[in-house]
Amino acid sequence: AEKEWGDGIRGLSLNAAQYALIKLEEAQPHTKNWRPQLLVLLKLDSDLGVKHPRLLSFTSQLKAGKGLTIVCSVLEGAYMAREADAKLSEK
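Its first residue numbered 473, the sequence shown is counted upward by one per residue in my numbering.
And the structure:
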């Protein structure tokens, strides 16, 4: 009879990750391990450029090179009508 063992290394990795996550909940977090996670909503000007670029450098100073920053902007209107603007603003 043939056995299906699957990917053993992947199983070990998933088991190690699960164990680490459970251990995280058991201990109090230490301040040296804190990493900020910021969501920055930027306003764009009429040319789809960043209206307040200093907000990005302020964000960089807040997180001191650590953590995660997600930057986004909201374009009003139907997406299909503004699809070209949306793709242009990503650059």
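Idealized CB from N, CA, C, for every residue including glycine. Quick caveat: nothing in here was measured; it's all calculated off a predicted structure.
message = In the DSSP assignment, the beta strand (DSSP E) including Thr541 goes from what residue to what residue?
response = In the sequence shown, counting from the first residue as 1, residue 541 sits at position 69. Start and end: 540 to 544.
Leaving out five residues before and five after Leu528 in sequence, what residues of the same chain have Cβ atoms less than 8 Å from its Cβ?
-> As a position in the sequence shown, residue 528 is number 56, starting the count at 1. Excluding positions up to five away in sequence, the list reads Val512, Leu514, Val522, Val543.
Measure how close the beta-carbons of Leu540 and Gln509 come, nearest whole angstrom, since I'm counting them as under 8 Å.
-> In the sequence shown, residue 540 corresponds to position 68, counting from 1. In the sequence shown, residue 509 corresponds to position 37, counting from 1. The Cβ separation is near 5 Å, so the contact holds.
Is DSSP giving Gln500 helix, strand or coil here?
Numbered from its first residue, the sequence shown carries residue 500 at position 28. In the structure shown, Gln500 sits in coil (DSSP, three-state: anything other than H, G, I, E or B).
query = At what residues does the beta strand (DSSP E) containing Leu534 begin and finish?
reply = Counting from one through the sequence shown, the residue named residue 534 turns up at place 62. Looking at the DSSP string, Leu534 is not in any beta strand (DSSP E); the run it does join, the alpha helix (DSSP H), is 526 to 535.
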